[in-house]
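For the sequence shown, the tail end lands on 237 under our numbering, and the numbers increase by one without skipping. For every residue, glycine included, the Cβ atom is placed at its ideal position computed from N, Cα and C. In this text the structure is predicted, and so the values were computed from the model without any measurement.
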Amino acid sequence: MNSDFIYKSIGFKRIYIAKDKSENVEKEDTTAFLGAFYETCKSCKKCKLSEQRTQVVFGDGNPSTGILFVGEAPGADEDKEGKPFVGKAGKLLTNVLEGIGLLRKRDYYITNVVKCRPPENRTPEDEEMLSCSYILKEEIKLIKPKLIVALGKTAAVGLIGTKQISPTKSRGSFLSSTPKSPVLPAGTKVFITYHPSFLLRNPNELNHFKEDLLKVKTLIETL
């Protein structure tokens, strides 16, 4: 599929970015800076989610690619292992991405808008998302993403800054962040698709999800 067609169909203008000759150094620096920042956040108690967590679950993957996936919050498996998207939904996402040639350790970075598990895996509350936004904002600052993918409504709301979002209607396209976004400058483009947990409940949407991620891969190849 022609990449120019995909860009036009989702309302996004192609941007050409020159590769820095010091890419390997930047990768090491970004990883080191993220690690140092995460160390300062391990004892975070800005919201009540800190009271029941096993640990804070930070991002994982390759931070130097400029490709950032953002989900909702850790589940039980993530809270136990300390890495995002390692449970059933996470494995589904990983399998789909690997099926189109995208590997976490090589091709993208993945995190959540909230870093501590909500009780019974409930949706994070507004206060919790806002309290945790300083971490996501710093991740974005350090990673300097060229492409941001929101996995599900909660991630989209946390990135864009409005609740008037329907992944079912907006999936496969870009939405722009509003001035109310706590983590992004207004007007930043965010690609919208489903959260993998939605697909566990609605397997009939899996093909649409795969279509969205194929668009993501095509976009990545042009960056």
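Rounded to the nearest angstrom, what separates residue i and residue j at their Cα positions?
{"i": "V204", "j": "K231", "result": "15 angstroms"}
{"i": "A90", "j": "T202", "result": "32 angstroms"}
{"i": "V233", "j": "S57", "result": "Contrary to the premise, residue 233 reads as Leu rather than Val in this sequence. Looking at the two C-alpha atoms, the distance is approximately 37 angstroms."}
{"i": "S180", "j": "Q69", "result": "31 angstroms"}
{"i": "T44", "j": "T176", "result": "30 angstroms"}
{"i": "A103", "j": "P193", "result": "31 angstroms"}
{"i": "P133", "j": "I174", "result": "25 angstroms"}
{"i": "R215", "j": "C61", "result": "29 angstroms"}
{"i": "G172", "j": "S195", "result": "7 angstroms"}
{"i": "L220", "j": "V100", "result": "19 angstroms"}
{"i": "K119", "j": "G75", "result": "5 angstroms"}
{"i": "I162", "j": "Y208", "result": "14 angstroms"}
{"i": "Q178", "j": "A50", "result": "35 angstroms"}
Starting from residue i, follow its DSSP beta bridges and name the residues at the other end.
{"i": "L237", "result": "Per DSSP, none; premise fails for L237."}
{"i": "Y208", "result": "None, per the DSSP bridge assignment."}
{"i": "T125", "result": "V84"}
Classify residue i as buried or exposed, calling it buried when 16 or more other Cβ atoms lie within 10 Å of its own Cβ.
{"i": "K35", "result": "In this predicted model, K35 has a pLDDT of only 45, less than 50, meaning its place in the structure is not dependable; the value taken from the coordinates is given anyway. Exposed, since its Cβ has fewer than 16 Cβ neighbours within 10 Å."}
{"i": "P98", "result": "buried"}
{"i": "L156", "result": "buried"}
{"i": "E92", "result": "buried"}
{"i": "R131", "result": "buried"}
{"i": "D239", "result": "No information on residue 239 is available, as it lies outside the stretch 15 to 237 that the chain covers here."}
{"i": "I114", "result": "exposed"}
{"i": "K167", "result": "buried"}
{"i": "T54", "result": "exposed"}
Is residue i helix, strand or coil by DSSP?
{"i": "T51", "result": "The sequence given here has Phe at residue 51, not Thr. Three-state result, F51: helix."}
{"i": "L198", "result": "coil"}
{"i": "E112", "result": "helix"}
{"i": "I20", "result": "Residue confidence is low: I20 scores 40 on pLDDT, short of 50, so the model does not pin down where it sits. Its coordinate-derived value is still stated next. If DSSP states are grouped into helix, strand and coil, I20 belongs with the helices."}
{"i": "S36", "result": "Because the pLDDT of S36 is 48, which lies under 50, any placement of that residue in the model is unreliable, and the question is left without a value."}
{"i": "G85", "result": "strand"}
My assumption, with CB atoms under 8 angstroms, is that residue i sits in contact with residue j. Please give the rounded CB distance.
{"i": "P77", "j": "Y123", "result": "5 angstroms"}
{"i": "K158", "j": "G80", "result": "6 angstroms"}
{"i": "L63", "j": "V127", "result": "About 12 angstroms separates the two Cβ atoms, so there is no contact after all."}
{"i": "G186", "j": "K229", "result": "6 angstroms"}
CB of residue i to nearest heavy atom of the ligand NAD: below 7 angstroms?
{"i": "E86", "result": "The ligand NAD is not among the ligands present in this structure, which contains no ligands whatsoever."}
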